[in-house]
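> At position 22 of the sequence shown (counting the first as 1) the number is 21 in the working numbering, and the numbers step up by one without a gap. The beta carbon of each residue, even a glycine, is placed where N, CA and C say it ideally should be. Please read through the structure below; I'll follow up with questions.
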Amino acid sequence: MIMACLVVVGVMLLGLRLPVAVAQSNCSPAYPDVCIPPPPPDLDCGEITHRNFRVLAPDPHRFDGDKDGIGCEAQ
0 MIMACLVVVG VMLLGLRLPV AVAQSNCSPA YPDVCIPPPP PDLDCGEITH RNFRVLAPDP
60 HRFDGDKDGI GCEAQ
């Protein structure tokens, strides 16, 4: 118990963070750096606040239209 507390405090002091998909539940693994739920509903870039995020196949929301691995690229 004491060791677990020390680890938590150490992580907080160092500013380390878990990947978003690990820290939050109901996140699609296709978007590992942001938490976007899997469909349904189907989402479009205009319906989310994230831009220029990594996309892995399959891309269930089709955020990566040009298939370059980056979703909702800012124009």
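1) Whole angstroms are fine: how far does the CA of N51 sit from the CA of P39?
2) Does the beta-carbon distance from C44 to C34 come in below 8 Å?
3) With 8 Å as the threshold, decide whether the Cβ of H60 is near any Cβ in chain B.
4) Figure out for me which residue from P59, D65, K66 has the closest Cα to the Cα of A29.
5) Considering only residues of the same chain and omitting the five flanking positions on each side of G68, which have a CB-CB separation below 7 Å?
Taking the structure as given:
1) Whole-angstrom Cα-Cα distance: 22 Å.
2) no
3) Given the protein chain composition of this structure (a single chain), no chain B is represented.
4) If you compare the alpha carbons of P59, D65, K66 with that of A29, the shortest gap goes to P59.
5) R53, V54
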